[in-house]
Amino acid sequence: MTPNLRGSLLMIAAMAGFAVEDMFLKTAARALPVGQILMIFGSAGMICFVLLAKAQGARLITPALLSPAILLRAASEVAGRLFYTLALALTPLSSASAILQATPLVVVAGAALIFKERVGWRRWSAIGVGFIGVLIILRPGLDGFTPLSILAVLGMLGFAGRDLATRAAPKTISNLTLGVYGFAMMVPTGAALLAWTGGAVWPSPTTAATLAAATLFGVAGYYALTAAMRVGEVSLVTPFRYSRLLFALILGALVFAERPDAATLIGSAIIVASGIYTLLRGRRSNPA
1 MTPNLRGSLL MIAAMAGFAV EDMFLKTAAR ALPVGQILMI FGSAGMICFV LLAKAQGARL
61 ITPALLSPAI LLRAASEVAG RLFYTLALAL TPLSSASAIL QATPLVVVAG AALIFKERVG
121 WRRWSAIGVG FIGVLIILRP GLDGFTPLSI LAVLGMLGFA GRDLATRAAP KTISNLTLGV
181 YGFAMMVPTG AALLAWTGGA VWPSPTTAAT LAAATLFGVA GYYALTAAMR VGEVSLVTPF
241 RYSRLLFALI LGALVFAERP DAATLIGSAI IVASGIYTLL RGRRSNPA
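In terms of UniProt numbering, the sequence shown opens at residue 1 and continues consecutively.
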């Protein structure tokens, strides 16, 4: 199996895990404030990754953690997780996931600008078309515009920055160690949000089980994503993120009875088509 194929399969597995995680987090947000969810979810995920890291002998403390790439990754993690969790709580799962599908387009653009990967004018055009798809979903200036959808856009930009920083992270830091600190960043972020909004409550057994399930799927997805971003070329692996939208549409319809409108479906189709085209052009430009 080639590195690019392995990275692509890992990305699809990660997106399935994240879609299920989103479903559980959105369900938990009905009973708990978002800040409290971030604290509990971050703590549980951090503990899981610490145990996995210890079992595999990964170093949890290393000077490389203070490298610029890791610090940038931490800041991007905070922005991505905070704004996207707010989007999950306040907007439909299908629309938030649709906007998130623009992440690979931002990552491919970043790979060209930062890592000097070859991205021709056709893929740059596809990136532009994909952003048009995002605007169709947002509908700025029209009656269907929902300002809260901007939260999903901010979360998408945060996750794109995290993925690019993961690529630049020192190879001496294991995927498990990155997972530990990625989840750890959610704890102070959630605490700050909860201190601002207030309203902490004791979770019921059902809500606690929901958060536990979200943690399990989130840890699995997070590990697969981190591994995918460190295998193969960024511009070839990241377009497989679009599979998350398919999982989200199915879960949104089955669990939350969501029925996306025409603009959301059209915008989603444009974003996905742009991602697929970017992938195909990337394979043609980099046949190895």
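Each residue gets a CB set at the ideal place from its N, CA and C atoms; glycine is no exception.
It should be emphasised that the depicted structure is a prediction, and the values quoted were computed from it without experimental measurement.
Item, Value
"Where ARG162 falls, given that 16 or more other Cβ within 10 Å makes a residue buried", "buried"
"Span of the alpha helix (DSSP H), counted from its first residue to its last, around ILE61", "Counting along the chain, ILE61 falls outside any alpha helix (DSSP H), and DSSP gives it neither H nor E."
"GLN36 in three-state terms, based on DSSP", "helix"
"Nearest-angstrom beta carbon gap, PHE83 and LEU151 [assumed within contact, 8 Å]", "5 Å"
"Coil, strand or helix - PHE115 by DSSP", "coil"
"Neighbourhood of LEU90 by C-beta distance below 6 Å, restricted to the same chain and skipping five residues each side", "LEU148"
"Contained alpha helix (DSSP H) runs [length at least 4] in the region 89-137, N- to C-terminal order", "93-100, 103-114"
"Under the three-state DSSP convention, the category ILE271 falls into", "helix"
"Selection from LEU60, ALA79, LEU86 that minimises the alpha carbon distance to ILE37", "LEU86"
"Alpha-carbon spacing of ALA288 relative to THR2, whole angstroms", "In this predicted model, ALA288 has a pLDDT of only 48, less than 50, meaning its place in the structure is not dependable; the value taken from the coordinates is given anyway. Distance between the alpha carbons of ALA288 and THR2: 9 Å."
"Burial state of ARG59, where buried means 16 or more other Cβ atoms lie within 10 Å", "exposed"
"Sequence-distant residues of the same chain with beta carbon closer than 6 Å to VAL272, five excluded per side", "TYR242"
"Buried versus exposed call for GLN56 [16 or more other C-beta atoms within 10 Å across all chains shown]", "exposed"
"Backbone secondary structure at SER243 - three-state DSSP", "helix"
"Buried or exposed by the 16-neighbour rule on C-beta atoms within 10 Å, applied to SER8", "buried"
"ALA111 versus PHE256, VAL234, ALA14, residue with shortest Cα-Cα distance", "VAL234"
"Between the CA atoms of VAL106 and LEU72 - distance to the nearest angstrom", "16 Å"
"Counted within 10 angstroms of its Cβ, other Cβ atoms place SER174 as buried (16 or more) or exposed", "buried"
"ALA152 - containing alpha helix (DSSP H), residue span", "150-168"
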